[in-house]
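A.B. asks: Following the working numbering, the numbering of the sequence shown begins with 16 at its first residue and continues without gaps.
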Amino acid sequence: MADLIPPHGGLTEPVCRTVPDAEIAAFKAEAATLPQVPVSAADLSSVYRFGDGTLSPLTGPMNSETYHRVLDESVIIHHGNKYAWTIPIALPVTAAQAKDLKEGMKVALVGPDGNAAATLEINDVYPWPKLKYLRQVYLTDRIDHPGANMVLQGDADKSHLIGGEIKVLPQPKNPKFGKYVL
């Protein structure tokens, strides 16, 4: 469409990480055999944005190098070029979960409803620099800020981040707000 801006990252079209309809049954069967990593409702929203290409050119949560580059330089590098990116995106896990997760491992990302929403082939497990994140993204670490509160209190038990390549089931329609989703 001529009236739409091109996707970020020098792409001609968004990156689609959504499982095609014809592959959903096999995807769900495989996901049921994988180790499970729970994700919050807030993080599940990001999972679906990876799936539908909104976060192009990203193909999943960021590894440590990309995460820190975003915090330090406000850019990502794609095909050798730098593109503005101001908020790093990775999935938080507890220290106990992080001990069991390894590079190359494939896991099922499970939402609050207990169902697998995606799979992630992990390429990095690393400490979450919470204060650096808060100070760079929200410019505060005060818990009266909703973002800082979510990180420091809502995710208080989460100390590590995981990055990798994601495949995502189509997002189910929200019963209350689904009619507003494009």
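Just so you know, even glycine gets a beta-carbon here, dropped at the ideal spot from N, CA and C.
Could you round the C-beta distance between P103 and M77 to whole angstroms and report it? I think they count as a contact, below 8 angstroms.
C.D. replies: That pair is a contact at about 5 angstroms.
A.B. asks: Which same chain residues end up closer than 6 angstroms to G68 when comparing Cβ atoms and leaving out the 5 residues on each side of it in sequence?
C.D. replies: Excluding sequence neighbours, G68 sits near P29, V30, C31.
A.B. asks: Can you check DSSP and say which residues form a bridge with Q51?
C.D. replies: A123, per the DSSP bridge assignment.
A.B. asks: Is the Cβ-Cβ distance between L146 and T134 less than 8 angstroms?
C.D. replies: Taking 8 angstroms as the Cβ cut-off, L146 and T134 do not qualify as a contacting pair.
A.B. asks: Roughly how many angstroms lie between the CA atoms of F192 and A56, to the nearest whole one?
C.D. replies: Using only the alpha carbons, I get a separation of about 15 angstroms.
A.B. asks: Which class does L167 belong to by DSSP, given the choice of helix, strand or coil?
C.D. replies: Looking at L167 - three-state DSSP - the assignment turns out to be helix.
A.B. asks: Which of the three DSSP states, helix, strand or coil, is assigned to D18?
C.D. replies: Of the three classes helix, strand and coil, the one that applies to D18 here is coil, per DSSP.
A.B. asks: Quick one: what's got a C-beta closer than 7 angstroms to W143's C-beta in the same chain, skipping five residues either side?
C.D. replies: Excluding positions up to five away in sequence, the list reads P107, K173, S174, H175, L176.
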